[in-house]
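Trainee: Residue numbers (the working numbering): 4 to 236.
1) With DSSP as the reference, label residue 197 as helix, strand or coil.
2) Is the segment 145-156 in contact with the segment 73-80, if contact means three or more CB pairs nearer than 8 Å?
3) Taking C-beta to C-beta, are residue 233 and residue 224 nearer than 8 Å?
4) Would you check if the distance between the CB atom of residue 84 and the CB atom of residue 97 is smaller than 8 Å?
5) May I have the straight-line CA-CA distance separating residue 15 from residue 35, to the nearest angstrom?
6) Exposed or buried, residue 7, counting other C-beta atoms within 10 Å across all chains shown (16 or more means buried)?
7) Would you list, in sequence order, the uninterrupted beta strand (DSSP E) runs of no fewer than 3 residues that lie entirely inside the segment 157-234?
8) What does the Cβ neighbour count give for residue 63, buried or exposed, with the cut at 16 atoms within 10 Å?
9) Under 8 Å by Cβ, that's how I've got residue 201 and residue 179 pegged, so tell me the actual separation to the nearest angstrom.
10) Do you know how far the Cα of residue 32 is from the Cα of residue 120?
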(Lines of atoms letter the chains of each structure in order from A and count residues from 1; the text may use other names and numbers.)
(Lines give C-alpha, C1' and ligand atoms only; values in the text may rest on other atoms or scores of the structure.)
Protein backbone atom coordinates (compact mmCIF):
# COMPACT_ATOMS: atom_id res chain seq x y z
CA UNK A 1 0.00 0.00 0.00
CA UNK A 2 1.27 3.49 -0.88
CA UNK A 3 2.22 5.70 2.04
CA UNK A 4 -0.53 7.90 3.43
CA UNK A 5 0.04 11.60 2.91
CA UNK A 6 -0.05 13.06 6.40
CA UNK A 7 0.64 16.50 7.82
CA UNK A 8 -1.95 18.63 6.01
CA UNK A 9 -3.73 20.84 6.84
CA UNK A 10 -1.17 22.07 9.36
CA UNK A 11 -1.76 24.33 12.35
CA UNK A 12 1.28 26.05 13.88
CA UNK A 13 1.08 27.88 17.19
CA UNK A 14 3.69 29.41 19.45
CA UNK A 15 2.01 28.27 22.64
CA UNK A 16 -1.05 26.28 23.66
CA UNK A 17 -2.29 24.15 26.52
CA UNK A 18 -1.96 20.97 24.45
CA UNK A 19 -1.82 20.24 20.74
CA UNK A 20 -4.29 17.42 21.46
CA UNK A 21 -6.97 20.11 21.74
CA UNK A 22 -6.14 21.75 18.40
CA UNK A 23 -7.37 18.97 16.13
CA UNK A 24 -10.76 17.28 16.05
CA UNK A 25 -12.65 14.67 14.07
CA UNK A 26 -14.25 17.25 11.77
CA UNK A 27 -10.87 17.89 10.13
CA UNK A 28 -9.46 15.82 7.26
CA UNK A 29 -7.34 12.81 8.10
CA UNK A 30 -3.72 13.86 8.35
CA UNK A 31 -4.38 17.22 9.99
CA UNK A 32 -1.37 18.21 12.07
CA UNK A 33 -1.04 20.65 14.98
CA UNK A 34 2.44 21.78 16.02
CA UNK A 35 3.43 23.95 18.99
CA UNK A 36 6.71 25.45 20.18
CA UNK A 37 5.49 25.25 23.77
CA UNK A 38 2.70 23.54 25.71
CA UNK A 39 1.45 24.73 29.07
CA UNK A 40 -0.43 21.50 29.79
CA UNK A 41 1.00 18.84 27.48
CA UNK A 42 -0.54 15.44 28.13
CA UNK A 43 1.07 12.06 28.52
CA UNK A 44 -0.30 8.70 29.56
CA UNK A 45 -2.28 8.31 32.78
CA UNK A 46 -2.82 12.05 33.12
CA UNK A 47 0.86 12.93 33.29
CA UNK A 48 2.16 16.20 31.92
CA UNK A 49 4.79 16.56 29.20
CA UNK A 50 6.94 19.63 29.76
CA UNK A 51 9.73 21.17 27.69
CA UNK A 52 11.22 24.67 27.49
CA UNK A 53 9.93 26.67 24.49
CA UNK A 54 11.50 25.79 21.17
CA UNK A 55 13.36 22.68 22.33
CA UNK A 56 11.05 19.74 21.58
CA UNK A 57 8.80 18.40 18.86
CA UNK A 58 5.27 18.80 20.22
CA UNK A 59 2.51 17.79 17.82
CA UNK A 60 -0.78 16.00 17.33
CA UNK A 61 -1.97 14.21 14.21
CA UNK A 62 -5.53 13.27 13.27
CA UNK A 63 -6.02 9.74 11.96
CA UNK A 64 -9.20 7.97 10.90
CA UNK A 65 -8.52 4.23 10.90
CA UNK A 66 -11.34 1.73 10.32
CA UNK A 67 -13.08 0.39 13.41
CA UNK A 68 -11.47 -3.05 13.06
CA UNK A 69 -8.02 -1.59 13.73
CA UNK A 70 -7.44 -1.15 17.51
CA UNK A 71 -6.65 2.50 18.18
CA UNK A 72 -4.21 1.80 21.06
CA UNK A 73 -1.89 0.06 18.59
CA UNK A 74 -1.20 3.43 16.99
CA UNK A 75 1.06 4.38 19.90
CA UNK A 76 3.27 1.44 18.95
CA UNK A 77 3.04 2.22 15.23
CA UNK A 78 4.08 5.81 15.91
CA UNK A 79 6.92 4.60 18.11
CA UNK A 80 8.24 2.50 15.24
CA UNK A 81 8.08 5.49 12.89
CA UNK A 82 9.91 7.73 15.37
CA UNK A 83 12.57 5.05 15.84
CA UNK A 84 12.94 4.78 12.05
CA UNK A 85 13.59 8.52 11.81
CA UNK A 86 15.95 8.76 14.76
CA UNK A 87 18.07 5.77 13.77
CA UNK A 88 18.45 7.11 10.25
CA UNK A 89 19.14 10.67 11.44
CA UNK A 90 21.54 10.18 14.35
CA UNK A 91 22.98 6.76 13.59
CA UNK A 92 22.27 5.22 17.01
CA UNK A 93 20.10 2.26 17.94
CA UNK A 94 16.67 3.18 19.30
CA UNK A 95 14.44 0.97 21.43
CA UNK A 96 10.73 0.98 22.22
CA UNK A 97 9.46 0.60 25.76
CA UNK A 98 5.95 -0.81 25.88
CA UNK A 99 3.44 0.69 25.59
CA UNK A 100 4.43 4.11 24.25
CA UNK A 101 7.98 5.28 25.01
CA UNK A 102 10.96 5.69 22.68
CA UNK A 103 14.31 5.03 24.36
CA UNK A 104 17.82 6.10 23.42
CA UNK A 105 20.70 4.78 25.50
CA UNK A 106 18.25 3.73 28.22
CA UNK A 107 16.72 7.19 28.49
CA UNK A 108 13.26 8.21 27.31
CA UNK A 109 13.50 10.64 24.40
CA UNK A 110 9.97 10.46 22.98
CA UNK A 111 6.45 9.37 23.78
CA UNK A 112 3.18 8.81 21.94
CA UNK A 113 -0.42 9.12 23.09
CA UNK A 114 -3.34 7.80 21.02
CA UNK A 115 -6.71 9.21 22.10
CA UNK A 116 -9.94 7.95 20.52
CA UNK A 117 -12.27 10.82 19.69
CA UNK A 118 -15.59 10.80 17.83
CA UNK A 119 -14.66 7.89 15.60
CA UNK A 120 -11.16 9.21 14.95
CA UNK A 121 -7.81 9.04 16.75
CA UNK A 122 -5.74 12.02 17.86
CA UNK A 123 -2.14 10.87 18.03
CA UNK A 124 0.03 13.04 20.24
CA UNK A 125 3.80 12.91 19.76
CA UNK A 126 6.50 14.49 21.89
CA UNK A 127 10.21 14.22 21.09
CA UNK A 128 12.96 15.65 23.29
CA UNK A 129 15.29 17.28 20.80
CA UNK A 130 17.39 20.16 22.12
CA UNK A 131 16.79 20.18 25.88
CA UNK A 132 19.77 20.32 28.21
CA UNK A 133 20.18 17.84 31.06
CA UNK A 134 18.83 20.30 33.60
CA UNK A 135 15.64 20.70 31.55
CA UNK A 136 14.77 17.01 31.76
CA UNK A 137 13.16 14.80 34.40
CA UNK A 138 14.82 11.68 35.77
CA UNK A 139 15.24 8.85 33.24
CA UNK A 140 14.69 11.22 30.32
CA UNK A 141 17.16 12.34 27.70
CA UNK A 142 17.19 14.37 24.52
CA UNK A 143 18.95 14.11 21.20
CA UNK A 144 21.18 16.95 22.37
CA UNK A 145 22.20 15.30 25.65
CA UNK A 146 22.88 12.05 23.81
CA UNK A 147 24.81 13.36 20.81
CA UNK A 148 26.28 16.61 22.12
CA UNK A 149 24.82 18.76 19.34
CA UNK A 150 21.59 20.54 18.47
CA UNK A 151 19.19 19.23 15.84
CA UNK A 152 16.76 20.82 13.39
CA UNK A 153 13.31 20.12 14.83
CA UNK A 154 11.47 20.89 11.60
CA UNK A 155 13.56 18.43 9.57
CA UNK A 156 13.04 15.73 12.18
CA UNK A 157 9.30 16.39 12.29
CA UNK A 158 9.03 16.15 8.50
CA UNK A 159 10.86 12.81 8.59
CA UNK A 160 8.69 11.47 11.41
CA UNK A 161 5.49 12.41 9.58
CA UNK A 162 6.80 10.79 6.39
CA UNK A 163 7.88 7.60 8.18
CA UNK A 164 4.56 7.49 10.01
CA UNK A 165 2.75 7.74 6.68
CA UNK A 166 4.51 4.56 5.56
CA UNK A 167 4.06 2.68 8.82
CA UNK A 168 0.42 3.77 9.16
CA UNK A 169 -0.32 2.53 5.64
CA UNK A 170 1.30 -0.82 6.42
CA UNK A 171 -0.73 -1.08 9.63
CA UNK A 172 -3.98 -0.26 7.82
CA UNK A 173 -3.20 -2.97 5.29
CA UNK A 174 -1.97 -5.71 7.61
CA UNK A 175 -2.37 -4.71 11.23
CA UNK A 176 0.43 -4.66 13.77
CA UNK A 177 1.90 -7.76 12.17
CA UNK A 178 2.79 -5.62 9.14
CA UNK A 179 5.08 -3.36 11.20
CA UNK A 180 6.30 -5.97 13.65
CA UNK A 181 9.82 -6.19 12.21
CA UNK A 182 10.31 -2.63 13.41
CA UNK A 183 8.81 -3.35 16.81
CA UNK A 184 9.88 -6.73 18.14
CA UNK A 185 13.57 -6.21 17.44
CA UNK A 186 13.53 -2.90 19.36
CA UNK A 187 11.81 -4.21 22.49
CA UNK A 188 13.47 -2.37 25.41
CA UNK A 189 11.84 -4.43 28.17
CA UNK A 190 12.69 -7.89 26.84
CA UNK A 191 14.55 -9.85 29.50
CA UNK A 192 14.11 -7.20 32.19
CA UNK A 193 12.44 -7.70 35.54
CA UNK A 194 9.21 -5.72 35.47
CA UNK A 195 6.12 -5.04 37.51
CA UNK A 196 2.84 -4.32 35.73
CA UNK A 197 -0.49 -3.74 37.44
CA UNK A 198 0.86 -5.28 40.64
CA UNK A 199 2.28 -8.41 38.98
CA UNK A 200 6.03 -8.99 38.76
CA UNK A 201 8.00 -11.16 36.37
CA UNK A 202 10.34 -11.15 33.38
CA UNK A 203 9.28 -9.32 30.23
CA UNK A 204 9.45 -11.78 27.35
CA UNK A 205 8.24 -9.85 24.33
CA UNK A 206 5.68 -7.55 22.77
CA UNK A 207 3.40 -9.92 20.89
CA UNK A 208 1.87 -9.36 17.46
CA UNK A 209 -1.28 -7.94 19.02
CA UNK A 210 0.71 -5.26 20.82
CA UNK A 211 0.48 -6.88 24.25
CA UNK A 212 3.30 -7.30 26.74
CA UNK A 213 4.04 -10.93 27.61
CA UNK A 214 5.51 -11.55 31.07
CA UNK A 215 6.86 -14.79 32.55
CA UNK A 216 5.57 -14.87 36.13
CA UNK A 217 7.12 -18.18 37.23
CA UNK A 218 6.57 -21.93 36.92
CA UNK A 219 6.20 -21.63 33.16
CA UNK A 220 3.20 -19.31 33.43
CA UNK A 221 2.91 -16.44 30.96
CA UNK A 222 0.81 -13.36 31.60
CA UNK A 223 -0.41 -11.24 28.69
CA UNK A 224 -0.98 -7.57 29.50
CA UNK A 225 -3.02 -5.34 27.21
CA UNK A 226 -2.49 -2.08 29.10
CA UNK A 227 -0.88 -0.84 32.27
CA UNK A 228 1.96 1.00 33.92
CA UNK A 229 5.37 -0.70 33.77
CA UNK A 230 8.03 -0.41 36.44
CA UNK A 231 11.33 -2.01 35.46
CA UNK A 232 14.70 -2.69 37.02
CA UNK A 233 17.40 -0.57 35.47
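Beta carbons: idealized from backbone N, C-alpha and C, even for Gly.
In this text the structure is predicted, and so the values were computed from the model without any measurement.
Mentor: Answer, in terms of the structure:
1) Here residue 197 sits in strand by DSSP.
2) Too few Cβ pairs lie closer than 8 Å, so no.
3) No.
4) For the pair residue 84 and residue 97, the CB atoms are not nearer than the 8 Å cut-off.
5) Roughly 8 Å between the two C-alpha positions.
6) It is buried - the Cβ of residue 7 has at least 16 other Cβ atoms within 10 Å.
7) Restricting attention to beta strand (DSSP E) runs no shorter than 3 residues, the segment 157-234 encloses them at 196-199, 202-209, 215-220, 223-227, 232-234, ordered along the chain.
8) Buried is the call here.
9) Contact doesn't hold; Cβ gap of about 26 Å is too wide.
10) One C-alpha to the other measures close to 13 Å.
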